[in-house]
Amino acid sequence: MTISIPPQESNQPSSLQPKGWLRYFSFSLDHKVIGIQYLVCGFFFYLIGGALASAIRIELTSPLSDFMARDVYNQVLTLHGTIMIFLWIVPVVNGAFGNYLIPFYVGARDMAFPRLNAVAFWLIPPAGLLLIGSYFINGAAQSGWTAYPPLSITTPAAGQLIWIISVLLLGGSSIFGGINFIATILKLRRPGLKLMQLPMFCWAMLGTSILVVLSTPVLAGTLVLLSFDIVAHTGFFNPALGGNVVVYQHLFWFYSHPAVYIMVLPAFGLVSEILPVHSRKPLFGYTTMVYSIMAIVVLGFLVWAHHMFTSGTPPWMRLFFTIATSFIAVPTGIKFFNWVATLWGGRISLNSAVLFSCGFIVNFVFGGITGVALAQVPFDIHVHDTYFVVAHFHYIVYGGSVFVIFSSIYHWYPKFTGRMLSENLGRFHFILTFIGFNLCFAPQHWLGLNGMPRRVAEYDPQFELVNQISSVGALIMALSTLPFLWNVIQSAFNGNIAGDNPWRALTPEWLTSSPPPVENWKGPAPLVTKPYGYGVNIGSKSNLSTSKSELEEEKQ
Amino acid sequence: MPNQSAIFTILLIIALVLGGTWVGQNVNLLPLDASTNASVYDELFKVLFSIGTILFVGMVALVVYSLIRFRRKSGDLGDGIAIEENLPLEIFWTAVPTIVILFVGLYSYDIYDRMGGMQALPQGGHNHQSMINDQKIWGGIGSGSIESPSTNSIGILPIEVTALQFAFLFHYPQGDIITGELHVPVDHPISLKLESKDVIHAFWVPEFRIKQDVIPGQPTILNFTPTKPGRYPIICAELCGPYHGGMRSTVVVETAESYQEWFQNNAKITETIS
Chain A
1 MTISIPPQES
11 NQPSSLQPKG
21 WLRYFSFSLD
31 HKVIGIQYLV
41 CGFFFYLIGG
51 ALASAIRIEL
61 TSPLSDFMAR
71 DVYNQVLTLH
81 GTIMIFLWIV
91 PVVNGAFGNY
101 LIPFYVGARD
111 MAFPRLNAVA
121 FWLIPPAGLL
131 LIGSYFINGA
141 AQSGWTAYPP
151 LSITTPAAGQ
161 LIWIISVLLL
171 GGSSIFGGIN
181 FIATILKLRR
191 PGLKLMQLPM
201 FCWAMLGTSI
211 LVVLSTPVLA
221 GTLVLLSFDI
231 VAHTGFFNPA
241 LGGNVVVYQH
251 LFWFYSHPAV
261 YIMVLPAFGL
271 VSEILPVHSR
281 KPLFGYTTMV
291 YSIMAIVVLG
301 FLVWAHHMFT
311 SGTPPWMRLF
321 FTIATSFIAV
331 PTGIKFFNWV
341 ATLWGGRISL
351 NSAVLFSCGF
361 IVNFVFGGIT
371 GVALAQVPFD
381 IHVHDTYFVV
391 AHFHYIVYGG
401 SVFVIFSSIY
411 HWYPKFTGRM
421 LSENLGRFHF
431 ILTFIGFNLC
441 FAPQHWLGLN
451 GMPRRVAEYD
461 PQFELVNQIS
471 SVGALIMALS
481 TLPFLWNVIQ
491 SAFNGNIAGD
501 NPWRALTPEW
511 LTSSPPPVEN
521 WKGPAPLVTK
531 PYGYGVNIGS
541 KSNLSTSKSE
551 LEEEKQ
Chain B
1001 MPNQSAIFTI
1011 LLIIALVLGG
1021 TWVGQNVNLL
1031 PLDASTNASV
1041 YDELFKVLFS
1051 IGTILFVGMV
1061 ALVVYSLIRF
1071 RRKSGDLGDG
1081 IAIEENLPLE
1091 IFWTAVPTIV
1101 ILFVGLYSYD
1111 IYDRMGGMQA
1121 LPQGGHNHQS
1131 MINDQKIWGG
1141 IGSGSIESPS
1151 TNSIGILPIE
1161 VTALQFAFLF
1171 HYPQGDIITG
1181 ELHVPVDHPI
1191 SLKLESKDVI
1201 HAFWVPEFRI
1211 KQDVIPGQPT
1221 ILNFTPTKPG
1231 RYPIICAELC
1241 GPYHGGMRST
1251 VVVETAESYQ
1261 EWFQNNAKIT
1271 ETIS
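In the order they appear, the protein sequences are chains A and B.
Just so we're aligned, residue 1 is where the first sequence starts under our numbering, counting upward by one.
Just so we're aligned, residue 1001 is where the second sequence starts under our numbering, counting upward by one.
Below, the structure is given as structure tokens:
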């Protein structure tokens, strides 16, 4: 059963909403406004998280703990991890692009639950401010973003409790969003649009939302129990009171490994939208792509204990999680080859969106290879909790997700604002980011292999030079933000007018004005059954005309 | 002509495999291997490094080649070829990662087994009574690597390790020595019994390629055999508080004679040495 909302009869009290830029600061129910709110808010927190990362890299330019106090250093690394995961990547890849694009892709005028959608967004700013504010109230949490007890029970309670409350709010926001996406994708599809005709990003968001809805409550429950241990001196995870710290690790990673896929599956979906448009070819292997997303969702639930190979888990459990983790490489490999096959034989525009998407593919292949190595118990034992792991997951979450966020901004900015970004600044941004990123994180693999543990403010002097190289890379990454910021700000006022469809794309968000009106289309929602119908063998010269004629048919 | 490009592609793949294998086998990224565990680990590392280099270079070359070969000429507004799927090709690139994963999995299982990961936990010469009383004792990886532990436990040197914020303390039950620096004789099997007094720590010696979390309320056995004399760092690898980065110690691997000398100089009970 699908519900279609006819035009002019929506649940949107648009007359009550403020107009112009003020609506971005309002409790707007428009999915596009909420998407932009997520994006800009997320970017604001990205700048804060990035400043914290710079502080870490400055501390690590010398082997001694001489830039900030040791407990402040631990607060900084805890805040950096928490902000980047829960306030930047998760809200942006899910909330921003999911909200903006999913209603277009299913042919709906808004999300299934617009008010829940607005609530989900408005939980984020207070949670973020609470988290950052905790630094000024007796210090922020200092037990890392993993908050392992007993350290999280014995460090100052105020910061840790505020951290828990903040993560609970963000988890709640995430669950609300997940329910909304599942309902929208499954129930709000335009009549006549079949599941297997949806753009790939819908499948990625469906898979991600299943992960969010099933795993986030486990984290929430765990953190509530942890807060009892801190406040009420219960003994769930406190060994001094008969608790078990390893149980916490199992519960924590049951959420936090799927969290990696929550950050990266939407990125897969976004790349699958961007590459076909700019290489003028259909997305290769649609069906296998859908199955690989769902395979990653299922496998994603069965791999959590690979974070605990040194925690004294029994041998059979280590083997099981090694095998399950390794097999994630198979569906991921299929996606890689499908993207390359999409590029192969195309007419590729080497613009900023494509460069960032291909940068993502290269970085992700590297992170995937070190990931398969890390899945092997005997390999992991040596490098667990070292800079090798730090390097690996930054290749996944920065080289993967963040590159795709930038790629998506270059691709959809004309739709968001009606104006084009400067391509020259975009390419310059890509080159700086790609060089800075690899210079920062590639050497960290060597550091980890040779004996530098993670989360340290001081280290063996033999690692000084390599750490300084890494810090130079971080500096370049920080500087790379400047051309990007200049580009998005000045293009909003002075950029070339984009028109409805500057990329000649076929997906439904391009079949309306830029920026799109409230309720997305002036007329009826278009029926796009071939979102990737590019290519010269399908009859007419331009497929755009086919979908436009379909549009005409709908109107009649 | 298609034959020529096919031959060229095959030659490139062969060069890639040979080059990747050479890099994996010859580029050393690891510190000194100073335990029986380390040499086994390094075998695995070389194989993974070879496979990783081949896959990474091959896959990146594919992407870069596609971008250059199929880039759009300026003014060209045409589309590419409309290929949506190709079943044999898709089966092929599902099979390749599956085979690589199966090979890596089986090989790393073999390595894991040779490190002793799959063997029953040996007592390692620690006090039997306390072991039996303590039902919850766990074994770290490498714990089974000492040959026939139950029959030959006299040869194994038991040492008790206490981790606390922010130091390691080593207690030698034979001789009742307490020290902040671990002294062990070369080529002699060592059995550590790790316990934590406060939060989770981790015992890591990069040159031995072993690491074990030290979990409060959870005594854990970690066995190893050092093979090269020298001084190696012991590093805490689990965030344990403000001075986590400073929680380091040293393991001194020395010849049997100089170990005996150190032991005699420090032992409170001398008669138990065998």
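For every residue, glycine included, the Cβ atom is placed at its ideal position computed from N, Cα and C.
Predicted model only: the values in this text are computed from it and were never measured.
Inset, instruction - Could you tell me how far apart the beta carbons of Ala55/A and Ala112/A are, in whole angstroms, since I believe they sit closer than 8 angstroms? - result: About 42 angstroms; that fails the 8 angstroms criterion.
Legend entry - Within-9 angstroms CB hit, Gly172/A to chain B: With respect to chain B, the C-beta atom of Gly172/A has no partner C-beta closer than 9 angstroms.
Inset, instruction - Below 6 angstroms CB to CB, which residues in the same chain sit around Gly243/A once its five sequence neighbours on both sides are set aside? - result: Closer than 6 angstroms at the Cβ level, and outside the excluded window around Gly243/A, lie Gly235, Phe236 and Phe237.
Legend entry - Val404/A to Leu350/A span [Cα, whole Å]: One alpha carbon belongs to Val404/A, the other to Leu350/A, and they sit about 15 angstroms apart.
Inset, instruction - Buried or exposed for Gly1078/B, please, with buried defined as at least 16 other CB atoms from any protein chain shown within 10 angstroms of its CB. - result: A residue is called buried when at least 16 other Cβ atoms come within 10 angstroms of its Cβ; Gly1078/B does not meet this threshold and is exposed.
Inset, instruction - Given a cut-off of 9 angstroms, decide if Gly1052/B and Ile1013/B are closer than it, judged by their beta-carbon atoms. - result: Cβ atoms of Ile1013/B and Gly1052/B: not closer than 9 angstroms.
Legend entry - Whole-angstrom distance between Ser311/A and Val1251/B, CA atom to CA atom: Roughly 22 angstroms between the two C-alpha positions.
Legend entry - Within-9 angstroms CB hit, Asn244/A to chain B: The Cβ of Asn244/A sits closer than 9 angstroms to at least one Cβ of chain B.
Inset, instruction - Report the residue from Gln468/A, Gly139/A and Leu47/A whose alpha carbon sits nearest the alpha carbon of Leu64/A. - result: Ranking the options by Cα distance to Leu64/A, first place goes to Gln468/A.
Inset, instruction - Using a Cβ-Cβ cut-off of 9 angstroms, state whether Gln1260/B counts as contacting chain A. - result: Chain A contact via Cβ: absent.
Legend entry - For Asn1086/B, three-class secondary structure by DSSP: Coil, per DSSP.
Legend entry - From Cys1240/B, Asn1086/B, Pro1189/B and Phe1263/B, residue whose alpha carbon lies closest to that of His1201/B: The shortest CA-to-CA distance from His1201/B to any of Cys1240/B, Asn1086/B, Pro1189/B and Phe1263/B is the one to Cys1240/B.
Inset, instruction - Specify the secondary structure class of Arg1231/B as computed by DSSP and reduced to three states. - result: Strand.
Inset, instruction - Let me know the secondary structure DSSP gives Ser1153/B once reduced to three states. - result: The predicted model places Ser1153/B with a pLDDT of 48, which falls under 50 and marks its position as unreliable; any figure quoted below should be read in that light. In this structure, Ser1153/B counts as helix in the three-state DSSP scheme.
Inset, instruction - Take Arg1209/B and list the residues in its own chain whose beta-carbon comes closer than 6 angstroms to its own, dropping the five residues that flank it on each side. - result: Annotation for Arg1209/B: Asn1037, Ala1038 and Tyr1041 place their beta carbon closer than 6 angstroms to its own, counting only its chain and skipping 5 residues before and after.
Inset, instruction - Tell me, please, whether the CB atom of Gly1020/B is closer than 9 angstroms to any CB atom in chain A? - result: No - not a single Cβ of chain A is within 9 angstroms of the one on Gly1020/B.
Inset, instruction - With a 10 Å radius around its C-beta and 16 neighbouring C-beta atoms as the bar for buried, classify Phe360/A as buried or exposed. - result: Label assigned to Phe360/A: buried.
Inset, instruction - Using the DSSP secondary-structure output, state which residues sit across from Arg419/A in a beta bridge. - result: Paired residues: Ile497/A.
Inset, instruction - Flag Lys1211/B as yes if its beta-carbon sits less than 9 angstroms from any beta-carbon of chain A, otherwise no. - result: Closer than 9 angstroms: yes.
Inset, instruction - Check whether the Cβ atoms of Ala353/A and Tyr410/A lie closer than 9 angstroms to each other. - result: In this structure, Ala353/A lies near Tyr410/A, with their beta-carbon atoms less than 9 angstroms apart.
Legend entry - Spatial neighbours of Met308/A in its chain, beta-carbon cut-off 6 angstroms, leaving aside the 5 residues before and after: Excluding positions up to five away in sequence, the list reads Gln249.
Inset, instruction - Check the Cβ-Cβ distances between Arg280/A and every residue of chain B, and say whether any is below 9 angstroms. - result: By this cut-off, Arg280/A is an interface position.
Inset, instruction - Please compile the residues from chain B whose C-beta is within a distance smaller than 8 angstroms of the C-beta of Ile56/A. - result: At a beta-carbon threshold of 8 angstroms, none of the residues of chain B lie near Ile56/A; the nearest stands roughly 12 angstroms away.
Inset, instruction - Determine the extent of the beta strand (DSSP E) in which Val1251/B is found, giving its start and end residues. - result: Its beta strand (DSSP E) spans residues Arg1248 to Glu1254.
Legend entry - Beta-carbon proximity list for Ser152/A, same chain, < 6 angstroms, skipping 5 on both sides: Closer than 6 angstroms at Cβ, skipping near neighbours: Ser143 and Gln160.
Inset, instruction - Check the Cβ-Cβ distances between Asn1297/B and every residue of chain A, and say whether any is below 9 angstroms. - result: Nothing in the structure corresponds to residue 1297/B, since chain B is present only between 1001 and 1274.
Legend entry - Ser279/A versus Gly20/A, Gly533/A and Val231/A, residue with shortest Cα-Cα distance: Selected option, being the one with the closest Cα: Gly533/A.
Legend entry - Close beta carbons around Leu87/A, own chain, < 6 angstroms, minus the five adjacent residues each side: Hits under 6 angstroms: Phe45 and Gly128.
Inset, instruction - Determine the direct distance from the alpha carbon of Gly1175/B to that of Phe1263/B, and round the result to whole angstroms. - result: Near 8 angstroms, if we compare the C-alpha coordinates of Gly1175/B and Phe1263/B.
Legend entry - Assigned secondary structure, Pro414/A (DSSP; H/G/I helix, E/B strand, else coil): Here Pro414/A carries a helix assignment [DSSP, helix/strand/coil].
Legend entry - Alpha carbon of Val1186/B to alpha carbon of Ile1221/B, nearest angstrom: C-alpha separation (whole angstroms): 19 angstroms.
Legend entry - Inter-residue Cα distance where the pair is Val402/A and Ile89/A: If I take the Cα positions, the gap works out to 7 angstroms.
Legend entry - Cα-Cα separation between Leu251/A and Gly300/A, rounded to whole angstroms: Distance between the alpha carbons of Leu251/A and Gly300/A: 14 angstroms.
Inset, instruction - Determine whether the Cβ of Ala341/A lies closer than 9 angstroms to any Cβ atom of chain B. - result: Yes, its Cβ sits closer than 9 angstroms to a Cβ of chain B.
Inset, instruction - Check each residue of the stretch 290-314 of chain A: if its Cβ is closer than 7 angstroms to any Cβ of chain B, include it; give the result in chain order. - result: Cβ contacts with chain B come from Thr310, Ser311 and Gly312.
Legend entry - Residues within the stretch 325-338 of chain A neighbouring chain B, beta-carbon criterion of under 7 angstroms: Residues passing the 7 angstroms Cβ filter: Ser326, Phe327, Ala329, Val330, Gly333, Ile334, Phe336 and Phe337.
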